[in-house]
Amino acid sequence: MASAISFKEVTRLPGTLGRAGELSTPHGVVSTPAFVTVGTKATVKSLTPDDLNSYVGNQIALANTYHLFLQPGHEVIKEAGGLHSFMNYDKPLMTDSGGFQVFSLGAAFGKGVTKFAKGEDGDVEKEETIEREARPTVYSKEIAAAHGKLCVVDEEGVTFTSHIDGSMHRFTAERSIEIQQALGADIIVAFDECTSPTADYAYQKEALERTHRWAKRSVMAHRRDYEAVKKQGIYGVVQGGRHLDLRKESATEMARLDFDGFGIGGSFSKEDLGESLRVVNEVLPADKPRHLLGIGEPEDIFMGVENGCDTFDCVAPTRIGRTGTIYTTGEGKLDLRKATFTRDLGKPDSACTCYTCTHFTRAYINHLLKAGEMLGPHLCSIHNLHFIVVLTDGIRQSILDQTYEQFKVQFLSRYLSL
RNA sequence: GCGACUAUGGUGUAACGGUUAACACUGGGGCUUGUGGAGCCCUCAAUCAGGGUUCGAUUCCCUGUAGUCGCC
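Sequential numbering of the first sequence, starting at 2, is according to my numbering.
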């Protein structure tokens with residue numbers, strides 16, 4: 002049966018796993034490498050679809066199953082004609098499975114645990130505490146009640162409480178797929194468990210094998226619905242934490258299943274991100290797309306591309322933008338709230354051609370941010386998304402032009418002010 | 001003009017006559033990677049002025065100054 006999506010490698014980055022390609026979806030072709038703008042709740046925060054088209058230029062966006070299931074509910078969106086119609090966006094969309102939120106909004110919520118492990122061993126005692134509490138399977142309902150939240154993983158799925166109103170819900174692989182079919186994105190994602198970077202090897206392995214069983218059930222659940230299969234492709238998610246053997250095992254298993262593409266999820270350390278991705282992408286088939294889940298600082302994108310990743314999503318551009326920090330070409334990340342910009346009449350990023358940078362000064366944005374005006378976060382989000390999308394487009398072009406190395410050196414030396 | 005009350009960081013408030021004058025906001029610095037218009041960490045910053053009582057005064061007394069309220 003013809004799949005709803007397909008991928009074609011166009012040009013290989015010599016001597017690496019990197020490539021420029023074309024990802025075909027029912028709502029159009031995505032030229033890769035590409036940055037997927039994050040629109041968790043069926044909106045890229047503060048931007049209209051017209052803003053995205055006019056000011057950002059992204060080719061594809063990502064929404065979230067967990068959030069939309071809780072609010073407004075996938076039935077509402079289905080009745081509205083699906084996500085594209087509901088949010089009036091006609092470009093390719095993907096939905097994340099909700100597996101990550103089990104980790105980020107469940108066990109780890111409010112504990113300051115992120116998917117990125119710190120490079121060095123920090124506060125060991127603290128980490129052990131977090132690990133114990135962040136291991137969903139040891140979470141009893143009593144403990145959960147004491148913490149005011151619930152997140153219990155079992156073989157079939159996850160029982161959790163809403164971070165919005167505390168109501169109890171249950172996700173299984175089949176349920177996640179059912180919800181994602183109702184949402185109707187071009188690309189949906191198999192239900193997975195994202196483990197804490199502080200979890201021990203035994204737990205990571207146990208969770209990984211469970212995720213593999215969920216992956217198989219996810220793809221089977223999706224393939225059963227012929228109508229959905231015509232409209233939606235499905236990605237399997239490689240996990241395995243920071244363990245290369247688990248990563249390789251996971252990639253091998255995912256490659257074996259009938260997926261249209263792959264997500265690479267879970268925790269990494271900044272130091273060995275590249276190696277982890279290489280190990281995974283050496284195993285994943287070259288004729289299918291690979292999406293690096295949740296990672297997308299400028300320097301990370303280079304690392305991901307060189308090691309075979311095609312698409313990236315990351316909340317950073319909008320999250321840091323919302324609180325006033327922008328990417329700049331020559332000064333790295335800049336917090337425009339700082340007093341030093343109060344009278345700075347220069348462009349936010351001197352080298353940028355985005356709407357924000359061609360219309361407003363640092364002083365004005367500094368004022369908006371400090372005054373709590375919503376235009377501030379809006380303008381910074383426009384710039385950051387434009388910045389990262391243009392960067393990714395540039396990476397693609399440099400692969401096509403065989404000038405990747407020069408492009409990378411030039412960009413990073415300016416961005417990191419080396 | 002008279003009387004009462006008040007006077008503590010930039011702002012608003014704490015502190016039986018007894019360690020280093022506390023808290024919130026603001027200001028400054030930092031963190032943020034399948035979302036978090038949030039949150040957390042660090043930090044600058046004050047006893048209106050001048051006398052007096054006391055071992056010791058933000059605290060009690062006097063004068064001045066300023067403000068608020070009330071009264072001819």
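No residue lacks a Cβ here, since even glycine has one placed at the ideal position from N, Cα and C. As the structure is a prediction and not an experimental result, all values here were calculated from the model.
Where does residue i land, buried or exposed, given buried means 16+ other C-beta within 10 angstroms?
| i | result |
| --- | --- |
| residue 95 | buried |
| residue 220 | buried |
| residue 281 | buried |
| residue 155 | exposed |
| residue 144 | Only weak support is given to the placement of residue 144: the predicted model assigns it a pLDDT of 41, under 50, and the value that follows is read from those uncertain coordinates. It counts as exposed. |
| residue 411 | exposed |
| residue 1 | For the chain, the structure presents residues 2 to 419; residue 1 sits outside this window and is missing. |
| residue 401 | exposed |
| residue 403 | exposed |
| residue 254 | buried |
| residue 214 | exposed |
| residue 272 | exposed |
| residue 231 | exposed |
| residue 370 | buried |
| residue 130 | With a pLDDT of 33 at residue 130, under the threshold of 50, the modelled position of this residue cannot be trusted, and the question is left open. |
| residue 277 | buried |
| residue 16 | exposed |
Compare the beta carbon distance of residue i and residue j with 8 angstroms and say whether it is the shorter of the two.
| i | j | result |
| --- | --- | --- |
| residue 4 | residue 261 | yes |
| residue 172 | residue 99 | yes |
| residue 185 | residue 85 | yes |
| residue 68 | residue 41 | yes |
| residue 237 | residue 6 | no |
| residue 187 | residue 27 | yes |
| residue 223 | residue 265 | no |
| residue 183 | residue 360 | no |
| residue 181 | residue 209 | no |
| residue 326 | residue 351 | no |
| residue 319 | residue 31 | no |
| residue 349 | residue 341 | no |
| residue 71 | residue 178 | no |
| residue 268 | residue 354 | no |
| residue 92 | residue 158 | no |
| residue 378 | residue 47 | yes |
| residue 302 | residue 160 | no |
| residue 298 | residue 275 | no |
Whole angstroms is fine: what's the gap from residue i's alpha carbon to residue j's?
| i | j | result |
| --- | --- | --- |
| residue 333 | residue 90 | 32 angstroms |
| residue 279 | residue 314 | 18 angstroms |
| residue 300 | residue 321 | 16 angstroms |
| residue 324 | residue 225 | 44 angstroms |
| residue 199 | residue 151 | 20 angstroms |
| residue 338 | residue 305 | 31 angstroms |
| residue 174 | residue 216 | 7 angstroms |
| residue 246 | residue 212 | 16 angstroms |
| residue 61 | residue 206 | 33 angstroms |
| residue 385 | residue 328 | 6 angstroms |
| residue 244 | residue 97 | 23 angstroms |
| residue 363 | residue 380 | 11 angstroms |
| residue 405 | residue 336 | 29 angstroms |
| residue 388 | residue 270 | 25 angstroms |
| residue 194 | residue 63 | 19 angstroms |
| residue 53 | residue 408 | 25 angstroms |
| residue 365 | residue 396 | 32 angstroms |
| residue 295 | residue 101 | 10 angstroms |
| residue 204 | residue 66 | 25 angstroms |
| residue 138 | residue 251 | In this prediction, residue 138 has a pLDDT of 35, which is less than 50 and means its spatial position is unreliable; nothing more can be read from the coordinates. |
| residue 45 | residue 170 | 26 angstroms |
| residue 416 | residue 263 | 30 angstroms |
| residue 140 | residue 248 | Note that residue 140 scores 37 on pLDDT, short of 50, meaning its location in the model is unreliable; the coordinates nonetheless yield the value given after this. Going from the Cα of residue 140 to the Cα of residue 248 covers about 26 angstroms. |
| residue 87 | residue 51 | 15 angstroms |
| residue 418 | residue 228 | 51 angstroms |
| residue 134 | residue 163 | Reliability fails at residue 134, whose pLDDT of 35 lies under 50, so the model's placement of it is uncertain and the value that follows must be treated cautiously. Going from the Cα of residue 134 to the Cα of residue 163 covers about 18 angstroms. |
| residue 8 | residue 218 | 24 angstroms |
Please report the Cβ distance between residue i and residue j, rounded to the nearest whole angstrom; I am assuming they are in contact, meaning their Cβ atoms lie under 8 angstroms.
| i | j | result |
| --- | --- | --- |
| residue 311 | residue 290 | 5 angstroms |
| residue 309 | residue 18 | 3 angstroms |
| residue 390 | residue 57 | 6 angstroms |
| residue 21 | residue 33 | 6 angstroms |
| residue 256 | residue 284 | 6 angstroms |
Is residue i a contact residue of the ligand HEM, with contact defined as CB to any heavy atom under 7 angstroms?
| i | result |
| --- | --- |
| residue 382 | Looking at this structure, you won't find the ligand HEM or any other ligand, since it has none at all. |
**Message:** Which complete alpha helix (DSSP H) runs does the region 71 to 100 hold, if anything under 4 residues is left out?
**Reply:** The region 71 to 100 contains these whole alpha helix (DSSP H) runs: 75 to 80 and 84 to 88.
**Request:** Could you tell me which uninterrupted alpha helix (DSSP H) segments, each at least 4 residues in length, are contained entirely in the region 175 to 254, listed from first to last along the chain?
**Result:** 202 to 224 and 227 to 232, all fully within the region 175 to 254.
**Request:** Only counting runs of 3 or more residues, tell me where the beta strand (DSSP E) segments fall wholly within the region 240 to 327, in order along the chain.
**Result:** Secondary structure in the region 240 to 327: the beta strand (DSSP E) runs of 3 residues or longer, each lying completely within the stretch, are 262 to 265, 291 to 293 and 312 to 314 in chain order.
**Request:** Output the residue ranges of the beta strand (DSSP E) runs that lie fully inside the region 7 to 58 and measure 3 residues or longer, sorted by chain position.
**Result:** If one requires a minimum length of 3 residues, the beta strand (DSSP E) runs lying completely within the region 7 to 58 are 7 to 13, 20 to 26, 29 to 33 and 35 to 39, in chain order.
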